[in-house]
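One structure is given here, and the rest of the page talks about it.
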Amino acid sequence: MYTYFVRQFVKKSFESLNHGDYESVLQGVSPSITHTFSGTHALSGTRHSVEAMRQWFQRLYILSPKLEFEIKNIVVSGFPWDTTIAVEWVDTAMPADGSEYVNEGVHIIKMRWGKAVYIHAYLDTQLVEALLKRLSAYGIAEASAPPIED
5 MYTYFVRQFV
15 KKSFESLNHG
25 DYESVLQGVS
35 PSITHTFSGT
45 HALSGTRHSV
55 EAMRQWFQRL
65 YILSPKLEFE
75 IKNIVVSGFP
85 WDTTIAVEWV
95 DTAMPADGSE
105 YVNEGVHIIK
115 MRWGKAVYIH
125 AYLDTQLVEA
135 LLKRLSAYGI
145 AEASAPPIED
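In terms of our numbering, the sequence shown opens at residue 5 and continues consecutively.
Structure representation (structure tokens):
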């Protein structure tokens with residue numbers, strides 16, 4: 005029963021992201037979060053606060069408007085005090101340069117008592133870097149900005 009509720013929570017969170025509503029997602033994040041996005045680019049790095057995550061999401065939606073996730077699989081393990089979630093997805097976006105962007109990956113999420121304490125996105129970072137290089141050449145400064153970390 006618990007895993008059903010966690011799956012519904014995850015689906016709702018990704019649906020919120022599909023509508024650009026990252027504030028709803030941030031409500032489910034612990035103040036002691038560790039949020040990591042792999043790579044060496046403007047979206048990479050590790051954040052340890054809700055405010056840094058907010059800034060990261062703001063940048064994400066500048067760079068990838070109309071971002072949309074299609075959930076392929078959700079695996080939940082553990083108990084309310086120590087839950088591990090794997091979310092397999094495909095995402096698409098329509099960047100400002102008009103190019104098509106499609107990537108696939110997995111989020112590993114750890115939750116304690118209904119709040120995310122750890123989020124790590126694993127995806128094809130070469131695709132992200134290629135997109136950011138195109139957007140930087142297109143004149144979008146955020147694409148070549150240093151990572152948001154704290």
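From the three backbone atoms N, C-alpha and C, an ideal C-beta is built for every residue, glycine too.
Only a predicted model underlies this, so the values are computations on that prediction, with no experimental measurement involved.
| Asked | Found |
| --- | --- |
| I'd like the span of the beta strand (DSSP E) that includes residue 72, first residue to last. | 72-83 |
| If distances are taken between C-alpha atoms only, which option among 37, 87, 61 and 65 comes closest to residue 14? | 87 |
| How close, in whole Å, do the beta carbons of residue 94 and residue 110 come, if the pair is a contact with beta carbons under 8 Å? | 11 Å between Cβ atoms; not a contact. |
| Is it true that the segment 50-59 meets the segment 71-79, where meeting means three or more beta-carbon pairs spaced less than 8 Å apart? | no |
| Tell me the residue span of the beta strand (DSSP E) that contains residue 97. | 86-97 |
| Take every Cβ of the segment 21-31, pair it with every Cβ of the segment 41-50, and state whether three or more of those distances are shorter than 8 Å. | no |
| Just the C-alpha distance for residue 64 and residue 83, rounded to the nearest angstrom, thanks. | 31 Å |
| Let me know if residue 91 comes out buried or exposed under the rule of 16 or more other beta-carbons within 10 Å of its beta-carbon. | buried |
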